[in-house]
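Notes for the one structure printed next.
Numbering (the UniProt record's numbering), first residue to last: 1 to 156.
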């Protein structure tokens, strides 16, 4: 259904355009769409060495995702599926693979989503729990699991 390819510094522009396509509606909904702010935020957080291109079998870019270490956990960010590819199960398939990697490493995954974004429901369906929020973002964590159960349940 998809393959991962490593991202490079040269992928920045096309991934920025993907980000804008994916987030524009959500940002407009809360009155925060600004291309320059989106560019600046992406430029300051783009870590190509932790970013993967999500490729379709025919070699077309379907999205991207970044997951890498941050303060002893894994940080999931810049998870964008091209709008025309959304709703087909691709995002769930990608996330399941990332969750399996985190589980194998026995590390929790942390992420944030924009307030009022549909992404919050997506992550909740995949076992993420809300840990807080601020004016613009909602924060989530998913504990590592072993054998399909959260590790804290396995230890009881």
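Glycine is no exception: its CB is placed at the ideal position from the N, C-alpha and C atoms.
By the C-beta criterion, the region 80 to 100 is judged to be in contact with the region 3 to 23, since at least 3 inter-stretch pairs fall below 8 Å.
Taking the Cα positions, residue 127 is about 31 Å away from residue 58. Put simply, the backbone Cα of residue 74 is about 6 Å away from that of residue 108. In terms of Cβ geometry, residue 54 and residue 63 form a close pair [threshold 7 Å].
C-alpha of residue 76 to C-alpha of residue 138: approximately 13 Å in a straight line. One Cα belongs to residue 98, the other to residue 71, and the distance between them is close to 18 Å. Its chain contains 80 as the residues whose beta carbon lies nearer than 6 Å to that of residue 22, once the 5 sequence neighbours on both sides are disregarded; these appear in chain order. Rounded to whole angstroms, the gap between the alpha carbons of residue 144 and residue 42 is 27 Å. Between residue 38 and residue 20, the C-beta gap is smaller than 7 Å, which places the two residues in contact. Counting along the chain, residue 66 sits inside the beta strand (DSSP E) bounded by residues 61 to 70.
Taking 3 residues as the shortest admissible run, the region 99 to 124 contains the following complete beta strand (DSSP E) segments, listed from N- to C-terminal end: 109 to 114.
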